[in-house]
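Report on the structure given below.
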Amino acid sequence: MKTLPPKTSSPRPRRRRASALMIMIWAVMLMSVTVMGVVEYVSYSADEATQSTAEFRALYLAESGLTVGLHPDTRRGDPHLKQKIGTDSGFDVVINYEGARIPVNYLVDERLGEVVYNLFIYWGLSAEQASITVDSLADWMDRDEDPRPNGAEAAYYESLGISDRPRQRGFIKVDEMLLVRGMGAVDQIKPDWREYFSVYGDGLIDLRTAFRDVLIAVTKSSEADVDRYLRERDGADGLAGTEDDRRIRSSEAYNLLALDSSRAQALSSILVDSDDLRRITSTGYVGEKRAQIVVVARRGDDRSLTYVARIEE
1169 MKTLPPKTSS PRPRRRRASA LMIMIWAVML MSVTVMGVVE YVSYSADEAT QSTAEFRALY
1229 LAESGLTVGL HPDTRRGDPH LKQKIGTDSG FDVVINYEGA RIPVNYLVDE RLGEVVYNLF
1289 IYWGLSAEQA SITVDSLADW MDRDEDPRPN GAEAAYYESL GISDRPRQRG FIKVDEMLLV
1349 RGMGAVDQIK PDWREYFSVY GDGLIDLRTA FRDVLIAVTK SSEADVDRYL RERDGADGLA
1409 GTEDDRRIRS SEAYNLLALD SSRAQALSSI LVDSDDLRRI TSTGYVGEKR AQIVVVARRG
1469 DDRSLTYVAR IEE
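The numbering of the sequence shown is the numbering used here, which starts it at 1169 and goes up by one.
Below is the structure:
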């Protein structure tokens, strides 16, 4: 009688179980990654929505502050210009006048060209650099193609491979000045130079609001005399644009600035002691989010308002 060999069990069921286990583990890992991705996306979307809401609220508060600043009864230094709403939000409004800045689009006037030259020298440019920059700024705006002694017309820019300069018109934005020969040097030594120029001014500088550097450049007075004038003008708190500011007329200002009669007479055509072109800067904030709106507007004798420009930052 034949003896049959004993039966051995097949390894296939074990392999199948192992494969099923690996598939299950892989599926769990895939689901974990997917869930983590969804959670991260939801979290990011929630953060983004929160940020967007904060940005919108900050802009809304800036608009609210602008409404206060544009009201005909609102004056510089009015306590209503700074308002806190809630624990970490509110608006801050600053009222100034375009006459505080140099009207760059009038630099073809040699008197204002001299003011800018003096300003650049005061900031640390060499006489040669200052002359090149001032002449080039004027050449940018005039209608002819004849360069000033140290200026730059089309031939200069073409030698650099630039074919669309100068524009032969006034500046539309202050930043546009950077396209002009020599302004790179100004930008290096005085990064905040933009604060001292306006493209909206009417060719006059306002003694009531002009910045310290501008006063030094336009009057050629000593720093001590300019500081004396500012102490009188800005009041006891030493801050411009607050309630204790003094309204100083031109004649008293000339005395405080130690200007002799001939110098005062020469400057009287570009210096004024009042200005109706307001610059209202309203900043709304929510936490660390900021929204800023700048409006330049002219107030008429009938208290009407004419908008000149609006900039959102």
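By construction, the Cβ of each residue, glycine as well, lies at the ideal position given by its N, Cα and C atoms.
Would DSSP call residue i helix, strand or coil?
i: Val1476; result: strand
i: Ser1442; result: coil
i: Ser1430; result: helix
i: Ile1289; result: helix
i: Ala1214; result: Any reading at Ala1214 is ruled out, since the residue's pLDDT is 48, under 50, leaving its predicted position unreliable.
i: Val1462; result: strand
i: Asn1318; result: coil
i: Tyr1453; result: strand
i: Ile1270; result: strand
i: Asp1381; result: helix
i: Ser1436; result: coil
i: Asp1374; result: strand
i: Arg1243; result: coil
i: Arg1279; result: helix
i: Arg1471; result: coil
Report the option in the options whose CA atom is closest to the CA atom of residue i.
i: Ala1353; options: Ile1448, Tyr1325, Glu1223, Leu1293; result: Leu1293
i: Met1351; options: Val1440, Ala1298, Ser1436; result: Ala1298
i: Tyr1453; options: Ala1230, Val1342, Tyr1274; result: Ala1230
i: Ala1421; options: Asp1393, Thr1242, Leu1407, Gly1406; result: Asp1393
i: Gln1281; options: Gly1254, Val1302, Tyr1325, Trp1291; result: Per the sequence shown, residue 1281 should be read as Gly rather than Gln. Here the closest residue by C-alpha is Val1302.
i: Thr1221; options: Ala1459, Val1283, Thr1474, Val1236; result: Ala1459
i: Glu1363; options: Leu1375, Lys1341, Leu1347; result: Lys1341
i: Val1276; options: Glu1400, Ile1416, Phe1339, Arg1396; result: Phe1339
i: Asp1256; options: Ala1226, Ser1232, Leu1249, Arg1337; result: Ala1226
i: Gln1356; options: Ser1232, Asp1395, Trp1291; result: Trp1291
i: Trp1308; options: Pro1247, Ala1323, Ser1430; result: Ala1323
i: Arg1415; options: Leu1398, Gln1433, Leu1427; result: Leu1398
On the premise that residue j lies in contact with residue i, defined as a C-beta separation below 8 angstroms, what is that separation, rounded to the nearest angstrom?
i: Asn1264; j: Arg1478; result: Not quite, the Cβ-Cβ distance comes to about 16 angstroms (not below 8 angstroms), so this is no contact.
i: Glu1481; j: Ser1366; result: Going by Cβ atoms, the distance from Glu1481 to Ser1366 rounds to 16 angstroms, so no, they are not a contact pair.
i: Ser1472; j: Ile1461; result: That pair is no contact at about 21 angstroms.
i: Ser1418; j: Arg1349; result: About 36 angstroms; that fails the 8 angstroms criterion.
Hey, quick one: how far does the beta strand (DSSP E) through residue i stretch, first residue to last?
i: Gln1336; result: Where Gln1336 is concerned, there is no enclosing beta strand (DSSP E), given that its DSSP letter is neither H nor E.
i: Tyr1265; result: 1257-1265
i: Lys1252; result: 1250-1252
What residue range is occupied by the uninterrupted alpha helix (DSSP H) comprising residue i?
i: Asp1413; result: Note, Asp1413: premise wrong, no alpha helix (DSSP H); not H, not E.
i: Ala1392; result: 1391-1402
i: Glu1296; result: 1295-1309
i: Ile1357; result: 1351-1357
Kindly indicate if chain C contains any beta-carbon less than 8 angstroms away from that of residue i.
i: Leu1375; result: Structure shown: chain C not included; a single protein chain is present.
Is the segment 1430-1445 in contact with the segment 1358-1372, if contact means three or more CB pairs nearer than 8 angstroms? yes
When the Cβ atoms of the segment 1377-1394 are set against those of the segment 1309-1324, are three or more pairs found closer than 8 angstroms? no
If you pair each beta-carbon of the segment 1462-1473 with each one of the segment 1231-1247, do three or more pairs fall below 8 angstroms? Counting Cβ pairs under 8 angstroms, three or more are found: they touch.
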